[in-house]
Amino acid sequence: MNKTILFLILTLLPLSLCAQEYQDVVYLKNGSVIKGFYNELYPGDSLRMNTLDGGKFICAWTDIARIAKEKRTMYLVSTQDEEEWENRTWRPQGFKGILEYGQAMNASNKGVIFNSMFVTLGYQFNRHVFIGAGAGLEQVRYEDNNIQLSFKHENIPIYGDLQFTILRKRISPVLDCRTGYTVNGFKGLYFNPSLGVDLGVSPRFGGYIAIGYFLQKYKEEGISKQMENISVHLGIHF
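Whatever position you read off the sequence shown (first residue = 1), add 44 for our numbering.
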């Protein structure tokens, strides 16, 4: 009897380990990758599966790009998942929108403060290059306690935007350059290059922070002048 049990253990154990060596991998059209073991599969309708972290996943058949069975190396699962998380699908090609809040302070006169909201729409050509256009609303406040002077007014800059994401990873340095014209308030050339960090939350959605140089040209009593400012931007993209 003992020999029979031992024989069954030695026979079935390798088969069990072999079965666990492979996993089902579902690739979605939005770039997501789901790993686990599907238990209900209805072609043309839906798929249900148990994920590797113990959760449950349900999706429509039309959202699936392809399904594969791949080898699962237990001690490398976390490393492979991390590599896919970092490198696979960040900033895919397509439409992209940016919403952000910014502040700027005049480099020579700290009494001049800009509080701004910006909306930028454009196209992500690949994981690195985005080109778009946008507009902003800037509230300019100037206060000088020495001469009891205070005023507020609004600028409306309209600009083109070129953005370059340096790395193909979830977290990457970003170079951004906006050039345009302010059509209200301080009318004149608007120029705002910046350097920041982009943090991806999902393939298309993320946030960023940037610090830049903000140049605003204008005319006062017929004389051309310019303001040089240091700007900080917080934003999200989708």
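We treat Cβ as the ideally placed atom computed from N, Cα and C, and that holds for glycine.
Pick from the options that is closest to residue i, judged by C-alpha positions
i, options, result
"GLY99", "ILE78, ASP107 and TYR86", "ILE78"
"SER216", "ARG222, ASN236 and GLY240", "GLY240"
"LEU211", "TYR225, ASN228, ASP242 and GLY224", "ASP242"
"GLY244", "THR209, LYS154 and LEU181", "THR209"
"SER246", "GLY155, ILE280 and SER268", "ILE280"
"LEU165", "ILE157, PHE158, PHE174 and ASN159", "PHE174"
"MET149", "VAL70, PHE139 and GLU182", "GLU182"
"CYS103", "LYS154, GLU114, LEU91 and LYS213", "LEU91"
"ASN159", "ASN199, ARG135 and ALA112", "ASN199"
"ARG214", "GLY251, TRP134 and LEU278", "TRP134"
Close beta carbons around residue i, own chain, < 8 Å, minus the five adjacent residues each side
i, result
"ASP107", "LEU72, LYS73 and ASN74"
"LEU259", "LEU233, TYR234, PHE235, ASN236, GLN270, MET271, GLU272 and ASN273"
"TRP24", "Not covered by the structure: residue 24. The range shown for the chain is 45 to 282."
Residues near residue i by beta carbon distance below 6 Å, same chain, minus five either side
i, result
"PHE101", "ILE78, MET93 and THR95"
"CYS221", "LEU206 and PRO237"
"HIS197", "VAL184 and GLY229"
"LEU61", "For LEU61, the predicted structure reports a pLDDT of 41, less than 50, and the residue's modelled location is therefore unreliable. A value from the coordinates is still provided. So no residue of the chain qualifies."
C-beta contact flag for residue i and residue j at 8 Å
i, j, result
"ILE274", "TYR262", "no"
"PHE169", "GLN207", "no"
"VAL276", "GLN147", "yes"
"TYR203", "VAL156", "no"
"LYS285", "GLY88", "Residue coverage of the chain in this structure runs from 45 to 282, which leaves residue 285 outside it and unanswerable."
Buried or exposed by the 16-neighbour rule on C-beta atoms within 10 Å, applied to residue i
i, result
"MET161", "exposed"
"PRO201", "buried"
"TYR234", "buried"
"LEU57", "Because the pLDDT of LEU57 is 42, which lies under 50, any placement of that residue in the model is unreliable, and the question is left without a value."
"LEU85", "exposed"
"GLN270", "exposed"
"ALA254", "buried"
"TYR167", "exposed"
"ARG110", "exposed"
"TYR145", "exposed"
Chain-order list of residues whose beta-carbon lies under 7 Å from that of residue i (same chain, five-residue window excluded)
i, result
"VAL163", "LEU143, GLY178 and ALA179"
The ligand MG heavy atom lying under 7 Å from the CB of residue i
i, result
"PHE81", "The ligand MG is not part of this structure, which contains no ligands at all."
Ordered list of beta strand (DSSP E) runs contained in the segment 162-186, each at least 3 residues: none
Beta strand (DSSP E) runs wholly inside the segment 194-229, at least 3 long, in chain order: 201-209 and 215-226
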